[in-house]
Each structure stands twice: as structure tokens, then as C-alpha cells.
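Participant:
Number of protein chains: 2
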Amino acid sequence: MARKPAVVASELSMVDALAQLSFLIQGTLERRASEHGLSMIQTRLLGVLRDRNPTMNELARLLDLDKSSITGLVARAERRGLVRRVPSRTDGRAVQVSLTDAGRAHVADVATSFEADVAAIVATLPSVERKALSALVSRVLVAHATAHGIDLFATTS
Amino acid sequence: MARKPAVVASELSMVDALAQLSFLIQGTLERRASEHGLSMIQTRLLGVLRDRNPTMNELARLLDLDKSSITGLVARAERRGLVRRVPSRTDGRAVQVSLTDAGRAHVADVATSFEADVAAIVATLPSVERKALSALVSRVLVAHATAHGIDLFATTS
DNA sequence: CAATGTAGTTGGTGTCACGTACTAAAACAA
DNA sequence: TTGTTTTAGTACGTGACACCAACTACATTG
Numbered sequence: 000m001a002r003k004p005a006v007v008a009s010e011l012s013m014v015d016a017l018a019q020l021s022f023l024i025q026g027t028l029e030r031r032a033s034e035h036g037l038s039m040i041q042t043r044l045l046g047v048l049r050d051r052n053p054t055m056n057e058l059a060r061l062l063d064l065d066k067s068s069i070t071g072l073v074a075r076a077e078r079r080g081l082v083r084r085v086p087s088r089t090d091g092r093a094v095q096v097s098l099t100d101a102g103r104a105h106v107a108d109v110a111t112s113f114e115a116d117v118a119a120i121v122a123t124l125p126s127v128e129r130k131a132l133s134a135l136v137s138r139v140l141v142a143h144a145t146a147h148g149i150d151l152f153a154t155t156s
Numbered sequence: 000m001a002r003k004p005a006v007v008a009s010e011l012s013m014v015d016a017l018a019q020l021s022f023l024i025q026g027t028l029e030r031r032a033s034e035h036g037l038s039m040i041q042t043r044l045l046g047v048l049r050d051r052n053p054t055m056n057e058l059a060r061l062l063d064l065d066k067s068s069i070t071g072l073v074a075r076a077e078r079r080g081l082v083r084r085v086p087s088r089t090d091g092r093a094v095q096v097s098l099t100d101a102g103r104a105h106v107a108d109v110a111t112s113f114e115a116d117v118a119a120i121v122a123t124l125p126s127v128e129r130k131a132l133s134a135l136v137s138r139v140l141v142a143h144a145t146a147h148g149i150d151l152f153a154t155t156s
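So this is what it looks like as C-alpha cells:
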């Protein structure tokens, strides 16, 4: 929640640390995305599509949005040539969404600059502590994922 | 950018770790906020106002939004009785925005449940490593803040 | 005082999210 | 095979948000 001092010199509480970090990371990603003409949600859409060709319904679950929101989201992306909608061969109702080359290029660009940003942000940390940080965060994420029955390493088609 | 495996067993890259963590934290906050009828941006607004009474212009800088966006944002919050707009005594053009009691109660509620969420998320980590995590994140944030000339511990009126 | 700058609003446009209502295809029944 | 019921997706209306450009009113500067 981005609070104030409360503690001594330059040491944040866990809540403040994680909250501020998340704002920093999200802000960084958002800025890079908008440099490439993408909104946050469009970027998330393209990111999800990098290793999947989900149906509209699956997209709704992946992005945690109402399926009626997906229609417009994908429509705007399709109108810009970033995404393709192909009728499913196995289900006459369903549609498979996939990246176009342009979409893949866009998301790759954003990912590249975002990765550089993150690297720069943690560059102040010595290598050993960088390792420690990513290991700790990984542990938290893995624990949280398994606690919620989510396979963090699944590549759901 | 929420990538995929690439590495071996349950260890994410720094980028993936921080990106996924930020999505997790933001999602958590967003869910809690919406439980209290608040959008993310409204919550950020109230959060910023907890220890400040900024003008519209200062709000624009604090939230990194166009000043014309602030007008509507504050108007909606004011309409709901969460926020108050008082004409500045020193500058006939300016307006000071402050929390109402209702607004303060709302943001306190959200903060409380959010803090519990964060505590639960890191609860899987032993106490020592929790300390290490928040210390590492703090270091990153402080370094980033000073590198960008921002006083992380300022309570700008 | 006149010229310029600054604070804030207004109006127009576009994105995004939701709920509801709808069509069409599947899946399930009898 | 016929219904009947789910399921996938869209269409439509509404509201929050965000931006830009243009505008008003007050401040500051010369």
C-alpha cells in the first residue's frame, strides 16, 4: 500500500517493500509497453499467447476477465494485426487465438526492453544477493502456486 | 513478462520472478480493493492521500497521470464522499484534496486485509528468509529511488 | 498595467471491464 | 432420433479511466 517511514533508516516493512516493488515493476512494464503502442492488458494478452493458442474462453480464465471482455480485447488486437482468430477444427463454436508475426515481434520487443529494465533495477545488488533474491521470490511464488493448485510451469495449449 | 520453463526444476529467472510476483501482489490488492468497492486507481488515490493533502497538480505527479485525468478521478471519489476538495488559501487557482473520514476508513480497511494477504503469501518462508527477502527488496528500492532522485521516505505535504 | 505562466476544468475520443441477452454448436437425454 | 440443457462466443449498453486540446481564472513577472 506504499506507506511511510514507521521504521528506522531506509528499511521497509514486508508489505511496503512488496507493494512498492510491484508498482515499480508494473510501472516499468507499462512504460515499455506504451512505447510500443501497447496497453498493459494488450501486452498481457500477447504475452500469454507466446506459448499458447487458447480459445476465447481459456483466455478469459488466463487473464481473469469476463469472456465478454475478451471479445473486445481480441477484436482490437486483431484489428491491429497482432492476433489471429481461427475457428476451431474440433469445436464448431470455439475460436483459437494466436499471435501473428507482427504480434510476436511486438511482444518480443517489449520483453527485451523490459528485461533490460529489470536487470538494471537489480543491478545494484551483488551477484550473490541477486541470486538470493530471485531464489526467495521463486520459493514464494511456487509455494503460492501449489497452495492454489496451479502448475506454475505448465504450458497449457 | 510471465514466461515459461527455460530452466530446470521450479526456479524462475529474475525477470519472471519479479514479473510474476508483481502480478500476484497487484492482483491481491486489486481483489481486496474491489471487495471494498474501490478500483485500483481509486485505492492508489486514497493511499496517497493518507499522509498528504496535495493539490490536483501534485496528485497528477504523484499518480503519474495527466492533470485532466485527476479532475475526473477526484470528482468520482468526491461524489462518493471519500475525498474533499478545499480551495487553497494561498493560491486562488489551486485546490487541496484530502481524505474524508469515510475515505480514511475505506483505505484503512483495504490496507488491513491487504497486509494480511501479503503476510500469508510470505508465510511459507521461514522468519529468517522473510527478513532477508524484505531487506533485499528494500535495498533494491532504495537504490532505485536514490538513483532517480526520489526520497523514498519523504512525506511531501 | 500588460504579457506570460500556471492550476484546474471541459469536451471529445478511445480503451477497457462488466452484466445481460442472444445465437449457434455440443453434449446429454429419453 | 428428438428434445433439453450446456457451452462458446458475440452484441449491446453502461461506466470508469486515460489522454489531448482548448479554455477560464488566478499569479507572477517585467
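Chains A and B supply the protein sequences, listed in that same order.
Under numbering that gives the first Met the number 0, residues 0 to 156 are what the first sequence spells out, in order.
Under numbering that gives the first Met the number 0, residues 0 to 156 are what the second sequence spells out, in order.
All residues carry an ideal CB built from backbone N, CA and C; glycine is no exception.
What you are looking at is a predicted structure, and each value in this text was computed from that prediction instead of being measured.
Enumerate in chain order the residues of its own chain whose CB-to-CB distance from B:SER137 is below 6 Å, with the five nearest sequence positions on each side excluded.
Facilitator: There are no such residues.
Participant: Please say whether A:ALA59 and A:ASP65 have beta carbons closer to each other than 8 Å?
Facilitator: Yes, Cβ-Cβ distance for A:ASP65 and A:ALA59 is below 8 Å.
Participant: Pull up the DSSP beta-bridge partners for B:VAL94, would you.
Facilitator: Paired residues: B:PRO86.
Participant: Just tell me which of A:GLN19, A:GLN25, A:SER133, A:THR70 has its CA closest to the CA of A:ASN56.
Facilitator: Nearest C-alpha to A:ASN56: A:THR70.
Participant: Kindly say whether B:GLU34, judged by its beta-carbon, lies nearer than 8 Å to any beta-carbon of chain A.
Facilitator: No, no contact with chain A.
Participant: Rounded to whole angstroms, what's the CA-CA distance from B:ALA134 to A:LEU20? Just pull it up for me.
Facilitator: Cα-Cα distance, rounded: 12 Å.
Participant: Could you say which of A:PRO125, A:GLY26, A:PHE113 lies nearest to B:ASP15 if we only look at CA atoms?
Facilitator: Here the closest residue by C-alpha is A:PHE113.
Participant: Looking at B:SER87: is its Cβ nearer than 8 Å to the Cβ of B:THR54?
Facilitator: Cβ atoms of B:SER87 and B:THR54: closer than 8 Å.
Participant: Is it buried or exposed, A:HIS147, if we count other Cβ atoms within 10 angstroms and call 16 or more buried?
Facilitator: Exposed, by the Cβ-count rule.
Participant: Using C-beta distances below 7 Å, list every residue in its chain close to A:HIS35, excluding the 5 sequence neighbours before and after it, in chain order.
Facilitator: Excluding sequence neighbours, A:HIS35 sits near HIS105, ASP108, VAL109.
Participant: Cβ of B:ARG78 within 7 Å of any heavy atom in the ligand NAD?
Facilitator: Only the bare structure without any ligand can be found here, which leaves the ligand NAD out of the picture.
Participant: Taking the alpha helix (DSSP H) that B:LEU124 belongs to, which residues open and close that run?
Facilitator: Looking at the DSSP string, B:LEU124 is not in any alpha helix (DSSP H), and its letter there is neither H nor E.
Participant: Quick one: list the residues of chain A neighbouring B:VAL139, beta-carbon separation under 8 Å, in chain order.
Facilitator: The answer, in chain order, is LEU20, ILE120, VAL121, THR123, LEU124, LEU132.
Participant: A:GLU57 CB to nearest chain B CB: under 8 Å?
Facilitator: With 8 Å as the cut-off, A:GLU57 does not count as an interface residue toward chain B.
Participant: For A:LEU81, which residues in the same chain have their Cβ closer than 8 Å to its Cβ, ignoring the five residues on either side in sequence?
Facilitator: Once the five neighbours on either side are set aside, the close Cβ partners of A:LEU81 are GLN41, LEU45, LEU98, THR99, ALA101, GLY102, HIS105.
Participant: My parser needs the alpha helix (DSSP H) runs of 4 or more residues fully inside the stretch 13-94 of chain A; what are they?
Facilitator: With a minimum length of 4 residues, the continuous alpha helix (DSSP H) runs that stay inside the stretch 13-94 of chain A are 13-34, 39-48, 55-62, 66-78.
Participant: Anything in chain B within Cβ reach of A:MET13, meaning under 7 Å, just list it in chain order.
Facilitator: Simply VAL117, VAL121, ARG129, SER133.
Participant: Give the interface partners of A:ALA104 over in chain B, defined as CB-CB distance under 7 Å, in chain order.
Facilitator: Ordered by position in chain B, no residue passes the 7 Å Cβ test against A:ALA104, which lies about 15 Å from the chain.
Participant: Using the rule of at least 16 other Cβ atoms within 10 Å of the residue's Cβ for burial, across every protein chain shown, is A:ALA39 buried or exposed?
Facilitator: According to the sequence as given, residue 39 of chain A is Met; it is not Ala. So A:MET39 ends up on the exposed side.
Participant: Where does B:THR99 sit, in a helix, a strand or coil, going by DSSP?
Facilitator: DSSP places B:THR99 in coil when its eight states are reduced to three.
Participant: Helix, strand or coil: which one does DSSP assign to B:GLU114?
Facilitator: If DSSP states are grouped into helix, strand and coil, B:GLU114 belongs with the helices.
Participant: So, are the CB atoms of B:ILE159 and A:VAL139 less than 8 Å apart?
Facilitator: Residue 159 of chain B lies beyond the residue range present for chain B, which begins at 0 and ends at 156; the question has no answer from this structure.
Participant: By the three-class DSSP mapping on this structure, what secondary structure does A:HIS147 have?
Facilitator: Reduced to three states, the DSSP call for A:HIS147 is coil.
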